[in-house]
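Notes for the one structure printed next.
Protein chains: 4
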Amino acid sequence: MFFASDNTSPVPQQVLDALTEANKGYASPYGADALMDEVRAEIRTQFEAPEAEIYLVATGTAANALSLACLCPPWGTIYCHRNAHVEEDECGAPEFFAGGAKLTLLDGPDAKFDAAALAQALDFTARAGVHNVQKGAVTLTNATEAGAVYTPAEIADIAATAHAADVPVHMDGARFANALVSVGCTPAELTWKAGVDVLSFGGTKNGLMGVEAVILFDPKHAWEFELRRKRGGHLFSKHRYLSAQMAAYLRDGLWRTLAMRANTAAAELSKGILTLPGTSLLHPTRANEVFAAWPRAGHRRAQSAGAQYYLWPMNQTLEGPDDEAVSARLVCSWSTSAADVESFLDTIK
Amino acid sequence: MFFASDNTSPVPQQVLDALTEANKGYASPYGADALMDEVRAEIRTQFEAPEAEIYLVATGTAANALSLACLCPPWGTIYCHRNAHVEEDECGAPEFFAGGAKLTLLDGPDAKFDAAALAQALDFTARAGVHNVQKGAVTLTNATEAGAVYTPAEIADIAATAHAADVPVHMDGARFANALVSVGCTPAELTWKAGVDVLSFGGTKNGLMGVEAVILFDPKHAWEFELRRKRGGHLFSKHRYLSAQMAAYLRDGLWRTLAMRANTAAAELSKGILTLPGTSLLHPTRANEVFAAWPRAGHRRAQSAGAQYYLWPMNQTLEGPDDEAVSARLVCSWSTSAADVESFLDTIK
Amino acid sequence: MFFASDNTSPVPQQVLDALTEANKGYASPYGADALMDEVRAEIRTQFEAPEAEIYLVATGTAANALSLACLCPPWGTIYCHRNAHVEEDECGAPEFFAGGAKLTLLDGPDAKFDAAALAQALDFTARAGVHNVQKGAVTLTNATEAGAVYTPAEIADIAATAHAADVPVHMDGARFANALVSVGCTPAELTWKAGVDVLSFGGTKNGLMGVEAVILFDPKHAWEFELRRKRGGHLFSKHRYLSAQMAAYLRDGLWRTLAMRANTAAAELSKGILTLPGTSLLHPTRANEVFAAWPRAGHRRAQSAGAQYYLWPMNQTLEGPDDEAVSARLVCSWSTSAADVESFLDTIK
Amino acid sequence: MFFASDNTSPVPQQVLDALTEANKGYASPYGADALMDEVRAEIRTQFEAPEAEIYLVATGTAANALSLACLCPPWGTIYCHRNAHVEEDECGAPEFFAGGAKLTLLDGPDAKFDAAALAQALDFTARAGVHNVQKGAVTLTNATEAGAVYTPAEIADIAATAHAADVPVHMDGARFANALVSVGCTPAELTWKAGVDVLSFGGTKNGLMGVEAVILFDPKHAWEFELRRKRGGHLFSKHRYLSAQMAAYLRDGLWRTLAMRANTAAAELSKGILTLPGTSLLHPTRANEVFAAWPRAGHRRAQSAGAQYYLWPMNQTLEGPDDEAVSARLVCSWSTSAADVESFLDTIK
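Chains as they are written, first to last, in the working numbering: chain A, 1 to 349; chain B, 1001 to 1349; chain C, 2001 to 2349; chain D, 3001 to 3349.
As structure tokens, this is what we get:
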């Protein structure tokens, strides 16, 4: 019953096998390995983006910060949701990589902002000429930090607003796979066809040891990205071990299969919780995260049974009346089994 | 016959096994995994440094740049050899992570500088008060970029000079294992006992997929290091896969065994080349790199036989008289076999 | 009728005279001039702060950004009001000088935040450990961007909250003189006695050509400030011309006299406007700025008579019904005469 | 007998008068003042550069660092002479403003480097692809830190080499006026006609209180420069007082007149010293600085007579035999009179 985070899971056997296979003999370093060629070709095909440039890094923070640094000048601001990972969980990495840029925080339910909120913020930025930071970049997270998803239409609205102001669009896709199988469209529809310029394509939370691809749909920043990656200490010499994992992830749609498992588990969990009395959801369950409230007594039973998850938000507590609803975050991953879900539901009943 | 670099080698079976073993079940993220406890304890023991704080990152550039950023303020300068990796091969990572610090380049044979060269540079820096950058940090590379090594006595001289000027000492140990088995002392003697404050303890070039430990012998910068690591995108969520590799590396002295193999191969290679007519060494062979010159005809035969290595320095060329000596760099790794060496020597004969 | 900003005013004759006087003969550069000794002594006396270190720069943005960079690490956040100059009017200077720090925006009426708002933000920052930016520094503006002032008691509350969290306090005193004469206490009471650690002591808006003093009540960051100032290009070689202006400003309380004139003019203006029908104030008039609304017809008359000021906030417009109230910002300075005020009131009547 | 530096001098009466004149009434802030229009027009005319964009800042370090930050990316290197002000006297300002760029130091007599030295450094930079910093910008100082000057032909050689490598050229003209009157060509010939892209046009060392113009001959970086200037705290609100000084400087060729006086004084001084026994020059006297050696006894007499100047380089000392030659730097300014020179020569005789 491990629902603390998708980053506590192991990796599937295919990834271990890929590493073993990749380990044979000598390979060119720094991304010149043959497996990277496969990764590049596969992503271009699966995203219908033959011109895209693709780079691998090992953490989501690196993927986001390096991407945003290419899109936003030091004197720019990055528009994001108030609860975005780039704002709340990266210790200022975007500010650091972008040379002191600012983040402008947008509001909206389920950790989503909409085109109107963006438009208002863009207008505000534009008011003060040289005295103010300038419009830099937009970043949206899909799936969001609240387990919601943006649809292609919503993304298109946001991107159109951004592009009308000459502002590029980045998508933090740490849980892109979960969003994709939830929305049920093509990778292209969820990204460049909707106006996304750069995607952090997550692998780590969805079954890799630590690999993310940055996909530059418009390759004009490719060389700059390579320099920033190197300078940031994010270019791997034995790059084949990143490539191998990402190649395995892309083969036969493994990435979608893994995400489907995680989303299914979350849906079951969410559904199961709602069958109990005194429960509710904080956010609709669209991907692999469940934000739900149930009676405190259930939490007590779950935690003494060894279930791992976070009370959410942070002001929630196990101390208080038994029947009061207390909310929590439960994250499923590719390795969450139906049995895990069932056992958990049993404990909180 | 792969002598281009130690980063083109595979990893030993123990590392793959360790990853498989580590993959079982769920693990706490971000360095709170049990394997990291093992790594920490093992390094403290092997380095006789019970107070040391240890952190893992995935690249040598990250290890160096994050370390130096903790030691040198933005208005400081980092003293290093003109051919140091931090100067020549990190695309300005130290400058970036240290917020715009400077590098002051020292000269000396075999990519080593001595205490006298450092003392002169320290004096020069001090001359201009607020108008000049300030004394920041010293970094020396062991083994050096020219395959040489610093002895404990040499390091102690340098460190004493640095500390007398209130300047901390960092060692870039991307090839620390190779230096250690070459010098034949203890890890403590080659580091903190000689005055090294922070060590980038390399694993990648010596058999890991991409893991380096930063060892802060004086833990006062520990929290700052953690924040810089996170902010630099270098904190791994699924950290156990770094820990597992480093733990395997430390177990039963695997790291020394691997380095011994690489050094032995290099020694054989070096000895073999010198038995041929018209040959010489550019630098003494002390670790796992050979810098040698032999007749051009030998190079032509080697390269048509598929041997991989770099002519060195860059102005060397295969065009010209057959019997003219042309120099090259040959890097051995843990996976270089006696047969590889023999075959190579046969081709250039 | 120039009410656009206090930075459109000339300087008083005393400042010109001081420059002429300072221009005699040769003087040591870079702050080693005798006039700087006078400035230092005078500020220490007037602020009852014998240990304080004092430095001059030429712009308020430099004063603020250099101060904050000394107080907040690159991975920290600076707590300020949402409408603070550091957030809205410095093009990201604090982020730049502090190496990529963040600003956390606090709300509150009249561009003031209180200790409770700060406490809540400090708590929020502390929640996420290494994943989040850290508590860095607090900065409050006195007088505020809305023409309000903080009292010593209010400042003491904020500073106590900050210090309890180990966070230092900076005051942006671009209009410190206006705040001081409004509150009617001593400079010490409005600063260090209330817990302010560093003050940007403004001269420019109150009658100098471009001189601000940074007062470090706790001198521990003094040398760092000097290095940051130099490195920021803010150390003047012919420093005596800054010193001369600041010395003139301090002599015989000129700075208070000038501020009193500006505040008096603003009070008259405010009072005069409120005597007219259909008028109101957006913020109480406590210093030298008036934020008031009056019928659109009055604006039209004023602007055709050549009055200079900004409609405020930016969504106000001259187009629309005559009798609708339209709001504006009117800034008085030391050179605003009673006649100016009267003429203006006549036009909008 | 003040020969310590040109920044210890007062300003000419014209500058004081211009400030007094500029002080009348109200003026638009932030460079929108009418005097700035005059400055812009005048510089465009005098430099025959109708497209140039011109900005004022208050220090030479700001002028250089802001200019270089526009020309060199964070991952680039700036080629300069080893003794350049940007390397030795700005506390790392170029590195700071350029986001962590590097400086590559070139050698050459009289603080000049030539096209061949630059070509070699450019070649070296290009060797390592993504692993190395990239070619960024060239900066040369005219007049140099050794009192020498670059001719248009020398500059054209350097600029052609730079441009062939796609590298822009900046000139640090803190003593541009002194170089110009020494060379005896037009401002255009010494700058854009020879290939200079950006000029730091110094005013401070040559008679202003603290004003430098940055001239962007190619205006493509104009808006970026404005943002960097603001963000660096270098945009003056009461900008008219910078404009007024620069306008006075440009009127009737005052800037050339002042420089001619300084150069003439230096030439007289140099000539006078060489008439004495046991003397020599370290560098030819081409502008307003004299680097000369004369017997120690003369130094002792000069210093007890109150003469102010620096022994040069720093290892020189007043202790030792009377007749041993000891070298020094003597800087003349617009205010150095023939009598000053004569008195000084008398003391050292």
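Where is the CB? At the ideal position from N, CA and C, for every residue including glycine.
Neighbour-count burial assignment, residue i, 16 or more Cβ in a 10 Å radius
i	result
B/M1314	exposed
D/W3255	buried
D/W3223	exposed
A/Q245	buried
D/L3066	buried
B/E1095	buried
D/D3340	buried
A/G147	buried
A/P73	buried
B/P1168	buried
B/Q1134	buried
D/G3203	buried
B/K1102	buried
D/L3118	buried
A/A32	exposed
B/G1136	buried
D/T3059	buried
DSSP state of residue i mapped onto helix, strand, coil
i	result
B/D1172	strand
D/K3102	strand
B/G1055	The sequence shown places Tyr at residue 1055 of chain B, not Gly. In the structure shown, B/Y1055 sits in a strand (DSSP, three-state: E or B).
B/H1081	strand
D/T3191	coil
A/E95	helix
A/E212	strand
D/F3201	strand
A/S67	helix
C/S2280	strand
A/G207	coil
A/F217	coil
D/F3225	helix
C/G2272	helix
Anticipated Cβ contact below 8 Å, residue i with residue j, distance rounded
i	j	result
D/I3348	D/R3301	6 Å
B/F1217	B/A1052	5 Å
D/D3172	D/V3086	7 Å
A/N7	A/K205	6 Å
A/G92	C/G2100	6 Å
B/A1143	B/S1182	7 Å
Which listed residue (the options) has its alpha carbon closest to that of residue i
i	options	result
A/W352	D/G3232, D/G3031, D/T3264	The requested residue 352 of chain A is not part of the displayed model; chain A covers only 1 to 349.
D/C3080	D/A3111, D/A3052, D/L3242	D/A3111
B/L1199	B/G1207, B/L1190, B/A1165, B/K1205	B/L1190
A/P277	A/D89, A/D322, A/T59	A/D322
B/R1329	B/L1118, B/L1103, B/N1178, B/E1145	B/E1145
A/H239	A/V211, A/V290, A/W294, A/Q46	A/V211
C/A2156	C/N2132, C/A2188, C/P2012	C/A2188
D/T3264	D/A3174, D/A3117, D/S3335	D/S3335
A/V214	A/E48, A/L105, A/E226	A/E226
**Request:** Let me know the alpha helix (DSSP H) ranges lying completely inside the segment 287 to 345 of chain A, each 4 residues or longer, listed in chain order.
**Result:** Within the segment 287 to 345 of chain A, complete alpha helix (DSSP H) segments of at least 4 residues are found at 296 to 304, given in chain order.
**Secondary structure, beta strand (DSSP E): runs of 3+ residues fully inside the segment 100 to 147 of chain A** = 102 to 106, 134 to 141
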